[in-house]
Amino acid sequence: DQQVKQNSPSLSVQEGRISILNCDYTNSMFDYFLWYKKYPAEGPTFLISISSIKDKNEDGRFTVFLNKSAKHLSLHIVPSQPGDSAVYFCAASATGTASKLTFGTGTRLQVTL
Amino acid sequence: DVKVTQSSRYLVKRTGEKVFLECVQDMDHENMFWYRQDPGLGLRLIYFSYDVKMKEKGDIPEGYSVSREKKERFSLILESASTNQTSMYLCASSARDLEAFFGQGTRLTVV
């Protein structure tokens with residue numbers, strides 16, 4: 376039973392445009408959400424997080440939006456750069472913290488020139 | 003910089019062997035985790051530890067055990083390796099409530 380779902384396995388975006396990665400969750404107990412980025416042959420690296428008390432968090436080119444009523448979050452990357460090409464994992468926690476995460480299946484983003 | 007080091011990048015083992023995957027972190031983090039990553043399934047939590055000698059089962063603990071005798075080291079043990087344990091194994095550590103830092107992963111193949 377996949378509690379965190381990333382329904383798009385892959386996404387291709389032109390350099391300079393906006394990339395939007397989506398994530399849905401089913402567990403209403405989740406109250407903290409994170410995005411991780413993973414390059415081939417490397418471990419995931421933390422990108423950005425959001426608590427359920429917020430609906431938006433921004434860090435440079437990366438913004439995460441949370442819609443609790445829809446149980447949906449999204450990651451926006453503006454502008455997209457070739458170095459953003461990676462697999463992006465959405466993760467959720469029911470502890471109010473970044474501990475004990477449930478991960479989604481990942482979305483492979485390719486940013487083309 | 004936080005460093006989480008996994009002892010092997012690639013490992014090939016035979017069915018039935020006992021396999022040890024080692025992970026060391028250098029940031030005095032309380033929490034340590036073992037995940038496996040499989041295509042189409044994302045990362046799934048096997049075990050985690052929030053203190054020395056303390057451990058809790060994650061979502062898929064069957065066929066695995068762990069050991070944390072020292073704060074900086076967290077070992078994953080496959081008691082009797084099977085082909086369905088062929089996977090990418092990722093170790094992570096975190097300070098109490100903060101985001102986890104991952105190692106580079108160990109790709110284990112069981113033949």
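Same order as they appear, the protein sequences are chains A and B.
Sequential numbering of the first sequence, starting at 376, is according to our numbering.
Sequential numbering of the second sequence, starting at 3, is according to our numbering.
Positions of the beta carbon are idealized from the N, C-alpha and C atoms, including for glycine.
Using the Cα positions of residue i and residue j, report the straight-line distance between them to the nearest angstrom.
i: Lys380(A); j: Gly479(A); result: 5 Å
i: Met2(B); j: His451(A); result: Only positions 3 to 113 of chain B appear in the structure, and residue 2(B) is not among them; the question remains open.
i: Gly18(B); j: Leu43(B); result: 25 Å
i: Arg541(A); j: Lys73(B); result: Since the first and last residues shown for chain A are 376 and 488, residue 541(A) lies out of range.
i: Asn432(A); j: Val439(A); result: 5 Å
i: Val54(B); j: Val388(A); result: 45 Å
i: Tyr400(A); j: Glu101(B); result: 19 Å
i: Asp30(B); j: Thr482(A); result: 32 Å
i: Tyr411(A); j: Gln8(B); result: 19 Å
i: Gln378(A); j: Asn397(A); result: 14 Å
i: Phe103(B); j: Ser84(B); result: 28 Å
i: Cys465(A); j: Glu417(A); result: 17 Å
i: Gly105(B); j: Arg38(B); result: 12 Å
i: Ser453(A); j: Gly435(A); result: For the record, residue 453(A) in the displayed sequence is Val; it is not Ser. If I take the Cα positions, the gap works out to 9 Å.
Any idea what DSSP makes of residue i, helix, strand or coil?
i: Thr401(A); result: coil
i: Thr17(B); result: coil
i: Gln2(B); result: Only positions 3 to 113 of chain B appear in this structure, which leaves residue 2(B) out of reach.
i: Gly44(B); result: strand
i: Asp53(B); result: strand
i: Asp61(B); result: coil
i: Asp30(B); result: coil
i: Asp434(A); result: strand
Residues of chain B with CB closer than 9 Å to the CB of residue i, please, in chain order.
i: Gly418(A); result: Val6, Gln8, Leu92, Cys93, Ala94, Phe103, Phe104, Gly105, Gln106, Gly107
i: Leu409(A); result: Glu101, Ala102
Sorted by chain position, which residues of the same chain lie with C-beta nearer than 7 Å to residue i's C-beta, five sequence neighbours on each side aside?
i: Pro457(A); result: Glu390, Val486, Leu488
i: Tyr12(B); result: Arg109
i: Asn86(B); result: none
If you follow the beta strand (DSSP E) that residue i is part of, which residue opens it and which one closes it?
i: Ala473(A); result: No beta strand (DSSP E) contains Ala473(A), which DSSP labels as neither H nor E.
i: Glu101(B); result: First-last for Glu101(B): undefined, no H or E at that position.
i: Val388(A); result: 385-389
i: Tyr411(A); result: 407-413
i: Ser424(A); result: 420-426
i: Thr482(A); result: 482-487
i: Lys72(B); result: 66-72
i: Val453(A); result: From DSSP, Val453(A) is part of no beta strand (DSSP E); its letter is neither H nor E.
i: Ile79(B); result: 75-80
i: Gln8(B); result: 6-8
Can you list, in chain order, the residues of its chain whose CB lies under 6 Å from that of residue i, leaving out five sequence neighbours each side?
i: Lys5(B); result: Asp28
i: Asp367(A); result: For residue 367(A) there is no data in the structure shown, the boundaries of chain A being 376 and 488.
i: Gly107(B); result: Met90, Leu92
i: Ser82(B); result: Gly18
i: Asn442(A); result: none
i: Asp430(A); result: Leu441
Residue i versus chain B: which residues are under 8 Å apart at the beta carbon?
i: Ser424(A); result: Glu101
i: Phe421(A); result: Glu101, Ala102, Phe103
Counting only Cβ pairs nearer than 9 Å, list the residues of chain A close to residue i.
i: Leu125(B); result: With chain B covering only 3 through 113, there is no way to say anything about residue 125(B).
Residues of chain A with CB closer than 7 Å to the CB of residue i, please, in chain order.
i: Phe50(B); result: Lys475
i: Leu43(B); result: Thr480
By Cβ distance below 8 Å, which residues in the same chain neighbour residue i in space, the five residues on each side in sequence not counted?
i: His71(B); result: Looking at the sequence itself, residue 71(B) is Glu, so the reference to His does not match. Around Glu71(B): Val54, Lys55.
i: Glu32(B); result: Tyr52, Asp53, Lys73, Ser96, Ala97, Arg98
Please list, in chain order, the chain B residues whose beta carbon lies closer than 7 Å to that of residue i.
i: Thr472(A); result: Asp99
i: Phe464(A); result: Gly44, Leu45
Which bits of chain A does residue i rub up against, with CB to CB less than 8 Å?
i: Asn33(B); result: Ser474
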